[in-house]
Each structure stands twice: as C-alpha cells, then as structure tokens.
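Report on the structure given below.
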Amino acid sequence: MREKRVCRSKVIFNQVVALVEPMDLTENKFLSIGLLFLGTLVFIKFVSAILTPGSGRKRLPPLVKAIPVIGGLIRFMKGPIIMIREEYQKLGSVFTVNLLNRKITFFIGPEVSSHFFKAPEADLSQQEVYQFNVPTFGPGVVFDVDYSVRQEQFRFFTEALRVTKLKSYVDQMVVEAEDYFSKWGESGTVDLKYELEHLIILTASRCLLGREVRDKLFDDVSALFHDLDNGMRPISVIFPYLPIPAHRRRDRARARIAEIFATIIKSRKCSGRAEDDMLQCFIDSKYKDGRPTTEGEITGLLIAALFAGQHTSSITSTWTGAYLLKYQNFLSAAVQEQKDLLKKHGDKIDHDILAEMDVLYRCIKEALRLHPPLIMLLRHSHSGFSVKTKEGIEYDIPKGHIVATSPAFANRLPYIYKNPDSYDPDRFSPGREEDKAAGAFSYISFGGGRHGCLGEPFAYLQIKAIWSHLLRNFEFELVSPFPEIDWNAMVVGVKGEVMVKYKRRKLSVE
Ligand code: HEM
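See below:
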C-alpha cells in the first residue's frame with residue numbers, strides 16, 4: 002500500500018518534470034521556474050500524505066463560522082451552551098470551533114459521544130485538559146501523575162465509596178441533617194440554597210475529611226477551603242499559575258491544609274485509632290507495589306473528593322427542592338413515599354431504606370438532568386479517529402483536537418426526552434425510562450464509561466438523606482421567584498437566593 006503511494010507520487014513528480022522539460026528554459030525562464038516550484042509543492046504534499054496515512058482523505062467536521070483568531074473565543078465567552086445550541090441546529094452533532102490556537106470538536110448526543118466516554122486513555126485523555134486543577138489538588142495526585150498512578154488513586158476512591166463504607170457514611174449524613182435542622186425554629190423563612198450548601202459542607206467534612214476536622218477545626222478548615230475554592234476562576238483554566246491575589250490566597254490555603262492534614266494523619270497513625278471516613282480509607286490505601294500513600298497524596302485526594310462532590314451535591318439538592326416546591330403533584334408523590342416508608346420501617350433511616358426511595362430518586366435525577374453542574378466535559382485527542390453521526394455521516398477527528406461533550410445540552414435532546422425542558426421525574430419510571438430507550442450515554446450528568454463519576458451513589462444518598470428528613474419534618478412554600486441558572490460559576494448552579502417559608506410538622510402515617 003505504502004509502495005503503491007510512493008509510486009503514485011513518483012508518477013506525479015515525473016509528469017511535472019515532463020511538463021517542464023520540453024520547454025526552452027532560456028525563452029520562458031519564469032514560467033519554467035514557476036512550474037518547477039509548483040511541481041515541488043505537489044511532490045511535498047504527496048510525501049507528507051504518505052507519511053501521515055489517511056490525512057489526504059480527511060472528512061473534517063464542519064467549522065463554526067467566526068472572526069479569525071478571537072471569533073471563536075468571543076462566541077464561547079457569550080455562553081458555551083448558546084453557541085452549542087446555535088451550531089447544533091446549523092452543523093449537526095459534530096462540529097469544530099477554533100478557540101485561539103486550539104480546535105475544540107464537540108460531540109453532541111449518545112451516538113457520537115460514546116467514543117468520548119469509552120476511548121482508552123491513550124486515545125482520549127483528561128490529563129492535559131484538566132491540568133488547571135493541579136495547583137488546587139496539589140502535587141503527586143490525580144492530574145499531576147501518569148495515568149497508571151491515577152488509575153490506582155481512583156481505585157482508592159472506589160474502595161472508599163463501596164457499599165460497606167457508604168452504609169457508615171449514611172449514618173453520619175443522617176446525624177448531620179437531624180442536628181442541622183433541629184436548630185431551625187417552629188417556623189421561619191430561610192435561603193434554602195445557603196442552608197443546603199452549609200449542611201453539605203458539614204456532612205462532607207464528617208464523612209470525607211474526618212472527625213478531627215468536623216469536631217475541632219471546622220471553622221479554620223472551612224475558611225481555607227473557601228480560599229481554595231475562590232482560587233479556581235475561569236482565568237485559572239487557561240493560566241492556573243497567573244500571579245493574581247486569588248491564586249496567591251489559594252496557594253497559601255493549600256499549604257496550610259497540607260500542614261493540618263499532616264498533623265491529623267500522624268496523630269491517627271501514632272494512636273493506632275481508625276475511623277469510618279474517607280481519610281481513613283486513604284491512609285490505609287496501598288499502591289500495587291505495596292507502597293503506602295504519603296501524607297501529601299492523602300491530602301490531595303481528599304481535596305479532589307471535596308471538589309468533585311461538594312458543590313455538585315449542594316446545587317442538586319437546591320434544584321430538587323425548588324422543583325418539588327414548584328410542582329405540588331411531584332411533591333405529594335415524594336411525601337406519600339415517605340409515609341409508606343414510615344409505615345414500613347418506623348422513623349429509622351439507613352442506607353437500605355434510602356435505597357427504597359425511588360420516587361425521591363427520580364425527582365433528584367430529573368433536577369440533575371435539567372441542571373447538570375458540570376456543563377462541559379473535555380478530553381485531549383492523542384490519535385486520529387472517526388465518528389459516525391446518527392444520520393450516517395462519518396467525520397475524522399485529527400490528533401491534537403480537544404474533544405468536548407456537554408451534559409447541559411445533551412440531556413435535553415428532544416429525540417431522547419419528551420418535552421425535554423419540562424420537569425417530569427416520571428420519565429424515568431418503569432415503562433418509560435426515556436434515558437435507557439435511546440441507549441447508553443443518553444443521560445450524562447455523571448459522565449459515563451471509563452471516567453464515570455465514582456461518587457454518584459454517595460451523592461444520591463446524601464441528597465436523599467437531606468430531603469427525606471425535610472419532607473418528614475417540615476412544610477414548605479417557595480416565596481422567591483423560581484431560580485435562574487448561574488452560568489458564570491465554574492460549577493454551574495443556582496443564581497441568587499431561594500427563599501422558602503417553612504413550618505415544622507411531623508409527617509403522620511395515617
Ligand atoms: C451530584 C453530584 C455529582 C455530580 C453531578 C458529579 C459529576 C461528575 C462527572 C460529570 C464526572 C465525569 C467527569 C469527566 O468525564 O470528565 C465525575 C467524575 C468523578 N466524580 Fe463526580 N459528581 C458528583 C458527585 C461526586 C462525589 C460526591 C464524589 C466523591 C465523593 C465524586 C467523585 C468523582 C470522581 C473521583 C470522578 C473521576 C472519575 C474518573 O475520572 O475515573 N463525584 N463526576
């Protein structure tokens with residue numbers, strides 16, 4: 002095949018030379034030089050086509066029209082979802098946008114995004130595109146290490162989040178929720194968004210960071226995490242080390258958090274005391290070669306867990322509440338489920354009882370379909386590959402492109418979800434199951450495939466523990482307008498306050 006191509010290029014070259022030869026060079030010198038130059042160019046193009054097989058036959062995705070150099074960036078900055086919506090209409094499910102010197106190719110819909118989710122790391126990797134997390138998570142963990150080490154570290158996550166561990170986390174989640182809401186009065190008005198954010202920080206502290214932080218150092222560590230959080234700005238994605246005040250505060254906070262955890266880890270190891278939390282799991286984790294995790298790695302993995310799970314879960318709890326308070330029919334169904342479970346189990350809540358809350362599960366899942374906090378997932382392509390759209394058009398995606406998919410857009414595709422913009426938890430009920438009907442990767446709020454969220458069960462348990470407590474103990478009324486989406490946040494959430502009036506009432510089983 003290669004020999005055949007070399008021969009073809011030789012033929013072309015000879016044809017060009019043959020064209021030049023019969024001419025009188027002295028008579029028409031410029032034309033001859035021009036033809037020779039053109040022939041050389043054609044020859045070079047053929048040689049490069051041979052060296053990069055297939056590049057001459059590329060069916061590249063359509064390009065988003067924009068002013069050269071900065072046009073793509075301007076479109077993107079106006080709002081990625083607006084751009085995706087407009088271009089999906091015009092160009093279909095695969096298209097490329099030039100973003101300064103990078104090409105981002107979007108895959109929209111399960112037919113094309115399946116390669117995004119399933120491709121091996123050697124083809125599509127996260128490391129380059131998620132590098133901006135390194136100063137926050139710290140050295141030696143996640144996107145600062147090779148894939149083989151990262152895989153091992155994700156194994157530590159998997160072990161820390163297995164069912165036996167989740168069972169003990171649930172007990173702690175329930176205690177935190179009971180304790181938190183016991184401080185509310187008989188009735189009152191609160192910002193639900195603020196309250197749920199606060200409760201989730203407390204729960205995450207207990208289950209993930211450990212008792213020492215939750216009981217003794219909560220205020221200090223919360224303030225440090227706040228600085229770490231504020232150090233992750235849109236600009237940090239492009240310039241993570243830019244010497245701006247927010248980055249300097251982030252770096253100081255990261256160093257102090259490392260000191261605090263080094264002390265806690267040493268003290269646990271010395272005392273031989275073991276706790277039921279993620280910190281303990283990471284202390285006990287070992288790499289394949291038997292090496293134990295270092296204090297720095299443990300701290301970095303805990304920070305990564307908190308960043309992955311805290312805002313995402315609190316945002317989802319708030320949307321769930323806002324929708325339940327807006328749609329009385331779904332609220333009544335969720336309350337009825339609580340009554341049924343009270344009849345069956347009394348007022349006890351544990352992992353297995355939470356697992357029975359299917360109605361509440363669907364209410365949360367639907368809030369998350371409409372409002373996935375991670376609106377864009379990215380990969381870097383290390384080798385060319387092709388994708389086929391559902392219309393049967395095939396595109397070649399070159400090596401070096403950034404490949405993106407968008408849960409916020411793909412979760413609302415009208416050929417998958419009926420009335421995609423309306424809140425309808427029953428779309429996931431047995432018999433309908435709209436997310437399954439269109440195949441894998443139709444619902445991607447938790448990503449999927451090779452890098453699917455490891456914390457999904459934890460997140461559902463936490464949100465169910467909170468909402469089952471609220472539904473059993475309070476009546477609510479939404480008194481501010483239904484919230485809007487805060488597109489400017491890094492983790493896209495709820496804009497402004499979500500004011501609710503509450504009144505204490507014990508759910509009666511009659
Ligand atoms: C509602 C809550 C949550 C949402 C919406 C969410 C969403 C996601 C998404 C979309 C991804 C895939 C990212 C990608 O493909 O680039 C992901 C990955 C991940 N999530 Fe979550 N997440 C949530 C909660 C959590 C929690 C509570 C934890 C841990 C305690 C967690 C830990 C992780 C980890 C470790 C990964 C990386 C998996 C891998 O790359 O192999 N997440 N999450």
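Numbering-wise (our numbering), the sequence shown opens with residue 2 and increments by one.
We treat Cβ as the ideally placed atom computed from N, Cα and C, and that holds for glycine.
- Relative to the Cα of Leu471, the nearest Cα in the group Gly393, Gly401, Ser481 and Ser318 belongs to Ser318.
- Under the DSSP assignment, Tyr181 falls in the alpha helix (DSSP H) whose first and last residues are Val164 to Ser183.
- Only exposed fits Tyr242, as fewer than 16 other CB atoms lie within 10 angstroms of its CB.
- Counting the other CB atoms within 10 Å of its CB gives Asn489 a total below 16, which places it among the exposed residues.
- Taking all protein chains shown into account, Met233 has 16 or more neighbouring C-beta atoms within 10 Å of its C-beta and is therefore buried.
- With a cut-off of 7 Å, the C-beta of Thr317 is classified as near the ligand HEM, since at least one heavy atom of the ligand falls inside that distance.
- Just measuring C-alpha positions, the residue of Leu375, Ser387, Ile105 and Asp422 sitting nearest Gly453 is Leu375.
- Here the C-alpha atom of Ile83 lies approximately 24 Å from the C-alpha atom of His116.
- For Gln132, the shortest separation between its Cβ and any heavy atom of the ligand HEM does not lie below 7 Å.
- Taking 7 Å as the cut-off, one finds no heavy atom of the ligand HEM near enough to the beta carbon of His383.
- At a threshold of 7 Å, Leu361 does not count as near the ligand HEM, since its beta carbon sits no closer than that to any of the ligand's heavy atoms.
- Residue state for Ile445 is assigned as coil, using DSSP reduced to three classes.
- Between Tyr444 and Arg370, the beta carbon gap of about 6 Å places them in contact (Cβ cut-off 8 Å).
- In this structure, DSSP gives Asn474 a helical state, which the three-state scheme calls helix.
- A direct Cα-to-Cα measurement between Val214 and Gly456 gives close to 21 Å.
- Taking 4 residues as the minimum length, the alpha helix (DSSP H) runs contained wholly in the region 76-105 are 81-92, in order along the chain.
- Non-local beta-carbon contacts of Asp353 in its own chain, meaning distances under 7 Å to residues more than five positions away in sequence, are absent.
- If the five residues before and after Met500 are omitted, its C-beta is found closer than 8 Å to the C-beta atoms of Thr190, Val191, Asp192, Leu193, Leu479, Val480 and Ser481, all from its own chain and listed in chain order.
- With respect to Pro63, Phe96 sits close: the two C-beta atoms are nearer than 8 Å.
- Between Ile109 and Ser126, the alpha-carbon positions lie close to 18 Å from each other.
- In chain order, Gly110 and Pro421 place their CB closer than 7 Å to the CB of Leu414, counting only its own chain and leaving out the 5 sequence neighbours on each side.
- For Arg433, no beta strand (DSSP E) encloses it, and the DSSP letter there is neither H nor E.
- In the three-state reduction of the DSSP assignment, Val499 falls in the coil class, being assigned neither a helical nor a strand state.
- In this structure, DSSP gives His383 a state outside helix and strand, which the three-state scheme calls coil.
- Proximity of the region 287-303 to the region 425-438 falls short of the contact definition, fewer than three beta-carbon pairs being nearer than 8 Å.
- Not one heavy atom of the ligand HEM lies closer than 7 Å to the C-beta of Phe442.
- In the pairwise beta carbon analysis, the region 98-109 is classified as touching the region 398-413: at least three pairs are separated by under 8 Å.
- Taking one beta carbon from each stretch, the region 275-291 and the region 149-169 have 3 or more pairs nearer than 8 Å; the two touch.
- About 5 Å separates the CB atoms of Val510 and Leu343; that is less than 8 Å, so the two are in contact.
- Here Ser469 is near Leu355, since their CB atoms are less than 8 Å apart.
- In the structure shown, Asp341 adopts helical secondary structure according to DSSP, grouped into three states.
- By the Cβ criterion, the region 377-394 is in contact with the region 127-136, since at least three pairs of Cβ atoms, one from each stretch, lie closer than 8 Å.
- Within the same chain, Leu162 come within 6 Å of Phe459 by CB-CB distance, once the 5 residues on both sides are set aside.
- One thing to note: Leu92 has its Cβ no nearer than 8 Å to the Cβ of Phe77.
- Here Val113 is buried, its C-beta having at least 16 other C-beta atoms within 10 Å.
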